[in-house]
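Peer 1:
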Ligand code: AMP
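Residue numbers (the working numbering): 12 to 186.
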């Protein structure tokens, strides 16, 4: 692990039993509020994708938006929000994923980008991988190509990568 990665970990706070008992929530707000830590995070998350022809960065609601937007700016790409159902005003495509009890779904505008577009998917945390898997399906339904997936944090013990076979995944820090 590099010194920069250690710095980043020191700005991520563990919050036990949030939002419910047994979950250790990774709070990234101290990192986002630290000018140097934030800049370093965005530069390092974007770095593997510089010059790779990415023209859209898709961020997953809501902390994914805070990372996807500056990464898109850094890559000279546009940004597309992947939202919880019912939030987008025009025609959407959707994809569902399992929760502990039942299902939920995410949506993006059906015309969010042109077919064949190279898309980088961004979120804050890779946990079980269900959300990112649904987001990849959604990008596929719109006709995009997922060129990579960038996470700030990977919870390796949950094996989320298993749900994302064949995807090029970069995470900045792992636990
Ligand atoms: P999953 O679909 O299980 O990979 O969960 C990923 C989504 O849930 C991401 O959008 C995260 O924001 C959120 N998430 C899951 N686990 C955590 C955690 N321990 N701390 C913070 N966010 C989490």
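Built from N, CA and C at the ideal position, the CB exists for glycine as well.
A quick note: this is a predicted structure, and the numbers were derived from the prediction, not measured.
(1) Within the continuous beta strand (DSSP E) that includes residue 24, where are the two ends?
(2) When every heavy atom of ligand 1 is checked, does at least one fall within less than 7 Å of the C-beta of residue 115?
(3) Count the C-beta pairs between the stretch 143-159 and the stretch 122-130 that are closer than 8 Å, then say yes if the count reaches three, no if not.
(4) Tell me, please, whether the stretch 84-92 touches the stretch 64-72 by the rule of three or more beta-carbon pairs shorter than 8 Å.
(5) Counting along the chain, where does the alpha helix (DSSP H) carrying residue 94 start and finish?
(6) Have a look at the DSSP bridge pairing and note the partners of residue 133.
(7) Does the beta-carbon distance from residue 169 to residue 138 come in below 8 Å?
(8) Within a Cβ cutoff of 8 Å, which residues of the same chain sit near residue 164, ignoring the five residues on either side of it in sequence?
(9) State the beta-bridge partners of residue 184 as determined by DSSP.
(10) With a CB to CB cut of under 7 Å and the five nearest residues on each side skipped, what residues in its chain are close to residue 103?
Peer 2: Considering the structure as presented:
(1) Position 13 of the chain shown, counted from the first residue, corresponds to residue 24. From DSSP, the beta strand (DSSP E) with residue 24 extends over 24-27.
(2) Residue mapping note: residue 115 aligns to position 104 of the chain shown, counting from 1. Answer for residue 115: no, Cβ out of range of ligand 1.
(3) They touch, by the three-pair rule.
(4) When C-beta atoms of the stretch 84-92 are compared with those of the stretch 64-72, three or more pairs fall below 8 Å, so the two segments count as touching.
(5) Counted from its first residue, the chain shown places residue 94 at position 83. Counting along the chain, residue 94 falls outside any alpha helix (DSSP H), though it belongs to the beta strand (DSSP E) covering 89-95.
(6) Numbered from its first residue, the chain shown carries residue 133 at position 122. Paired residues: 70 and 161.
(7) On the chain shown, residue 169 is found 158 positions in, with the first residue counted as 1. On the chain shown, residue 138 is found 127 positions in, with the first residue counted as 1. Yes, they are a contact pair.
(8) Counting from 1 along the chain shown, the entry for residue 164 is found at position 153. Cβ neighbours of residue 164 within its own chain (closer than 8 Å, five residues either side excluded): 23, 37, 39, 135, 136, 137, 182, 183, 184, 185 and 186.
(9) For this step, residue 184 is matched to residue 173 along the chain shown. Answer is 164.
(10) Here residue 103 corresponds to residue number 92 of the chain shown, with the count starting at 1. Cβ within range, chain order: 118, 119, 120 and 121.
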